[in-house]
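A.B. asks: Protein chains in written order, with numbering that gives the first Met the number 0: chain B, 0 to 251; chain G, 0 to 251.
Just so you know, even glycine gets a beta-carbon here, dropped at the ideal spot from N, CA and C.
Protein chains: 2
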Amino acid sequence: MILISNDDGYQADGIRTLMAVAREFGDVVVAAPMQQQSGKGSAITITSPLRAVMVKDEPGMRVFLISGTPADCVKLALDQLLDGRHPDLVLAGINHGYNVGVSTLYSGTMGATFEGLVHHVPSVAFSYGDYRTPHTDFTVCEPFVRDIISRVLSKGLPAGVCLNVNVPYDKGPIQGLKITTTSMGLWTNEFERRTDPHGVEYYWMTGYYENETPDDNTTDIYWIDRGWVSVTPCKVDQTARDNMVKITELLT
Amino acid sequence: MILISNDDGYQADGIRTLMAVAREFGDVVVAAPMQQQSGKGSAITITSPLRAVMVKDEPGMRVFLISGTPADCVKLALDQLLDGRHPDLVLAGINHGYNVGVSTLYSGTMGATFEGLVHHVPSVAFSYGDYRTPHTDFTVCEPFVRDIISRVLSKGLPAGVCLNVNVPYDKGPIQGLKITTTSMGLWTNEFERRTDPHGVEYYWMTGYYENETPDDNTTDIYWIDRGWVSVTPCKVDQTARDNMVKITELLT
Chain B
0 MILISNDDGY
10 QADGIRTLMA
20 VAREFGDVVV
30 AAPMQQQSGK
40 GSAITITSPL
50 RAVMVKDEPG
60 MRVFLISGTP
70 ADCVKLALDQ
80 LLDGRHPDLV
90 LAGINHGYNV
100 GVSTLYSGTM
110 GATFEGLVHH
120 VPSVAFSYGD
130 YRTPHTDFTV
140 CEPFVRDIIS
150 RVLSKGLPAG
160 VCLNVNVPYD
170 KGPIQGLKIT
180 TTSMGLWTNE
190 FERRTDPHGV
200 EYYWMTGYYE
210 NETPDDNTTD
220 IYWIDRGWVS
230 VTPCKVDQTA
240 RDNMVKITEL
250 LT
Chain G
0 MILISNDDGY
10 QADGIRTLMA
20 VAREFGDVVV
30 AAPMQQQSGK
40 GSAITITSPL
50 RAVMVKDEPG
60 MRVFLISGTP
70 ADCVKLALDQ
80 LLDGRHPDLV
90 LAGINHGYNV
100 GVSTLYSGTM
110 GATFEGLVHH
120 VPSVAFSYGD
130 YRTPHTDFTV
140 CEPFVRDIIS
150 RVLSKGLPAG
160 VCLNVNVPYD
170 KGPIQGLKIT
180 TTSMGLWTNE
190 FERRTDPHGV
200 EYYWMTGYYE
210 NETPDDNTTD
220 IYWIDRGWVS
230 VTPCKVDQTA
240 RDNMVKITEL
250 LT
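Structure (structure tokens):
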């Protein structure tokens, strides 16, 4: 059984594509946010309770809408909604837009995927560079989604590793698949200040992404820009192990 | 100038302690969430605008309350609220409760800290094991907070590295400071199902944390349990570099 979530919500085209391809491999349970949850990262809901509404219950396909974040969705499904079954796979996406570079910090798609990983389920995030909603055509993603699901189902993933898959949009013919690292960078000019009709200021998050490692030919953005599907193996641990000695010298 | 945020909100005792100690080193600007933001990780607010209310404007101390997440607070401060000044330090906390192990994924305290890191500001998260609010006594944290601020201000931090500091509670006399790694584990039995007065089910997040690496004598929890202040150097990048070859073999 394959558990699917996303961060764009159940109405998004991307999750429909993912559901259709996953269904070729067996039973599917969807636990998707009721509302758009982009930018929620690994956020969880502690101070209010969650609701789960089953909106589809067909042979081989159950769909739950959850009143929380992507991480909430996977947590709640694993703990309460799968009738005690352990999924063979957790999939998240297909996200409308890339989850690359430092933006993976804020990615609800990755939040759902990390949740599967933490619970020892092979987990894969899928994202596609086309941001247009609701009429994004995910057809180009399908063979890669199918191939990766097939390989991960049959061979598993190394302990403690999940995959972050990004499919290029508008970069010419897709060249194939590259195993990559996460590029570093940051969002700059992040806010637009406006004044409301009552004369009070407010701020919209906006800005543009600055890739700080454009020449690093191991990275996600480098290969996506050249037409390759980027697959980054990811882990939960963020310990800066290379700097343990330096920090010891600094602080003790 | 030191920029301070947290995830417990401006009313929390922990941020008051941090503000007082930071003030010994120079000007302080606080950008704290208006509301409790525990569990928000690196979540950001995209689909609604943010408000910033200045509630204190004294010589050397400005306080803004922000209608968003901890990461929003640091982003908005850096982009809009510091009159073009670049802070010498971003501090987050002192959190009411540990941010260790896999829980760092969900930590708004770490979300604020990573935001400072991404923007190339030396950044430190402080957390204390005492969960009791609103009457937590943070006195025991003060000498460590003071010492770490002093050292990081004078020597900086290595590029791409921030610190996650956790002070033990109720573990006997504090033994000193250890540089540690993030332990691995997961939350289990994560939800309690209830039925509302209208007969509809809902779910509260709860459960207990299972440390999966209890014998690893490099980890945060190992040393906190033995009375040491844990300092974990952290980075944004979650690429599982040790597994690049394995994933290449699996997928290509």
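How would you write the range of the alpha helix (DSSP H) that Tyr221(G) sits in, first residue to last?
C.D. replies: Asp219 to Asp224
A.B. asks: Here's a check: name, in chain order, each residue in its chain whose Cβ is nearer than 6 angstroms to the Cβ of Phe63(B), leaving out the five neighbours to either side.
C.D. replies: Ala30, Ala51, Met53 and Leu80
A.B. asks: Can you give me the start and stop residues for the beta strand (DSSP E) that Ala91(G) sits inside?
C.D. replies: Residues Leu88 to His95.
A.B. asks: In the DSSP assignment, what residue or residues form a beta bridge with Asn163(G)?
C.D. replies: Ala124(G) and Thr231(G)
A.B. asks: For Arg150(B), return the contacting residues in chain G, with the cut-off set at a CB-CB distance below 7 angstroms.
C.D. replies: Leu249 and Leu250
A.B. asks: How many angstroms separate the CA atom of Asn94(G) from the CA atom of Arg15(B)?
C.D. replies: 40 angstroms
A.B. asks: Short of 8 angstroms in beta carbon distance, which residues of its chain neighbour Thr205(B), apart from the five on each side in sequence? Order them along the chain.
C.D. replies: Asn188, Glu189, Phe190 and Glu191
A.B. asks: Going by DSSP, what residues sit across from Leu64(G) in a beta bridge?
C.D. replies: Partner(s): Ala31(G) and Val52(G).
A.B. asks: Just checking, does the region 38-51 of chain B make contact with the region 7-14 of chain B on the three C-beta pairs under 8 angstroms criterion?
C.D. replies: no
A.B. asks: Can you round the beta-carbon distance between Leu77(B) and His118(B) to whole angstroms, since I take them to be within the 8 angstroms contact cut?
C.D. replies: The C-beta distance from Leu77(B) to His118(B) rounds to 5 angstroms, short enough to meet the 8 angstroms contact threshold.
A.B. asks: Name, going along the chain, the residues of the region 75-86 of chain G whose beta-carbon falls closer than 9 angstroms to a beta-carbon of chain B.
C.D. replies: Hits within the stretch, in order: Leu75, Leu77, Asp78 and Gln79.
A.B. asks: Suppose the cutoff is 6 angstroms on Cβ atoms and the five residues either side in sequence are ignored; what does the same chain contact list for Met33(G) look like?
C.D. replies: Leu64 and Ser66
A.B. asks: Going along chain G in order, which residues have a C-beta closer than 7 angstroms to the C-beta of Asn242(B)?
C.D. replies: Residues of chain G passing the Cβ test: Pro157, Val160 and Pro232.
A.B. asks: Quick check: the region 203-218 of chain G against the region 173-183 of chain G, are at least 3 beta-carbon pairs closer than 8 angstroms?
C.D. replies: Yes: the two stretches touch, three or more of their Cβ pairs being nearer than 8 angstroms.
A.B. asks: Name the DSSP beta bridge partners of Asn210(B), please?
C.D. replies: Gly184(B)
A.B. asks: Consider the Cβ of Trp203(B): report whether some Cβ of chain G lies at a distance smaller than 8 angstroms.
C.D. replies: Answer yes: the Cβ-Cβ gap between Trp203(B) and chain G drops below 8 angstroms somewhere.
A.B. asks: Going straight from the alpha carbon of Val230(G) to that of Met243(G), what length do you get?
C.D. replies: When only Cα atoms are considered, Val230(G) and Met243(G) end up about 28 angstroms apart.
A.B. asks: For Gly198(B), is the classification buried or exposed, using 16 other Cβ atoms within 10 angstroms of its Cβ as the cut-off for buried?
C.D. replies: exposed
A.B. asks: Give me the Cα-Cα distance between Val27(B) and Ala19(G), rounded to the nearest whole angstrom.
C.D. replies: 53 angstroms
A.B. asks: Could you name the residues of the same chain whose beta carbon sits closer than 8 angstroms to that of Gly171(G), not counting the 5 residues immediately before and after it, in chain order?
C.D. replies: In the same chain as Gly171(G), and ignoring 5 residues on each side of it, the C-beta atoms closer than 8 angstroms to its own belong to Gly226, in chain order.
A.B. asks: Does the beta-carbon distance from Leu116(B) to Cys161(B) come in below 8 angstroms?
C.D. replies: yes
A.B. asks: Since I believe Pro48(G) is in contact with Tyr201(B) (beta carbons under 8 angstroms), could you give me their beta-carbon distance rounded to a whole number of angstroms?
C.D. replies: 4 angstroms
A.B. asks: Is any heavy atom of the ligand PLP found at a distance shorter than 7 angstroms from the C-beta of Asp56(B)?
C.D. replies: Among the components modelled here there is no ligand, and therefore nothing to report on the ligand PLP.
A.B. asks: Compute the distance between the beta-carbons of Asp87(B) and Leu152(B), then report whether it is under 8 angstroms.
C.D. replies: yes
A.B. asks: Applying a beta-carbon distance threshold of less than 7 angstroms, which residues of chain B neighbour His118(G)?
C.D. replies: Leu185
A.B. asks: Can you pull the chain C residues whose beta carbon is under 9 angstroms from the beta carbon of Glu209(G), in chain order?
C.D. replies: Note that chain C does not occur in the displayed structure, where the protein chains are B and G.
A.B. asks: Quick check on this structure: which residue in Tyr208(G), Asp236(G) and Leu156(G) has the alpha carbon closest to the alpha carbon of Ile246(B)?
C.D. replies: Closest by C-alpha distance to Ile246(B), out of Tyr208(G), Asp236(G) and Leu156(G), is Leu156(G).
A.B. asks: Between the C-alpha atoms of Ile147(G) and Arg84(B), what's the straight-line distance to the nearest angstrom?
C.D. replies: The alpha-carbon separation between Ile147(G) and Arg84(B) amounts to approximately 47 angstroms.
A.B. asks: Got a sec: is the Cβ-Cβ distance from Asp56(G) to anything in chain B below 8 angstroms?
C.D. replies: no
A.B. asks: Chain B beta carbons: is any one of them nearer than 8 angstroms to that of Val101(G)?
C.D. replies: yes
A.B. asks: Would Asp7(B) be called buried (16 or more neighbouring beta carbons within 10 Å of its own) or exposed?
C.D. replies: buried
A.B. asks: In terms of residues, what are the limits of the beta strand (DSSP E) holding Phe190(G)?
C.D. replies: Phe190 to Thr194
A.B. asks: Suppose the cutoff is 7 angstroms on Cβ atoms and the five residues either side in sequence are ignored; what does the same chain contact list for Tyr168(B) look like?
C.D. replies: Closer than 7 angstroms at Cβ, skipping near neighbours: Tyr127, Gly128 and Asp129.
A.B. asks: At the level of alpha carbons, what is the spacing between Gly159(G) and Ala21(G)?
C.D. replies: 22 angstroms
A.B. asks: Taking C-beta to C-beta, are Gly107(G) and Gly38(G) nearer than 8 angstroms?
C.D. replies: yes
A.B. asks: Measure the C-alpha to C-alpha separation of Trp222(G) and Asn165(G) and round it to an integer number of angstroms.
C.D. replies: Distance between the alpha carbons of Trp222(G) and Asn165(G) is about 10 angstroms.
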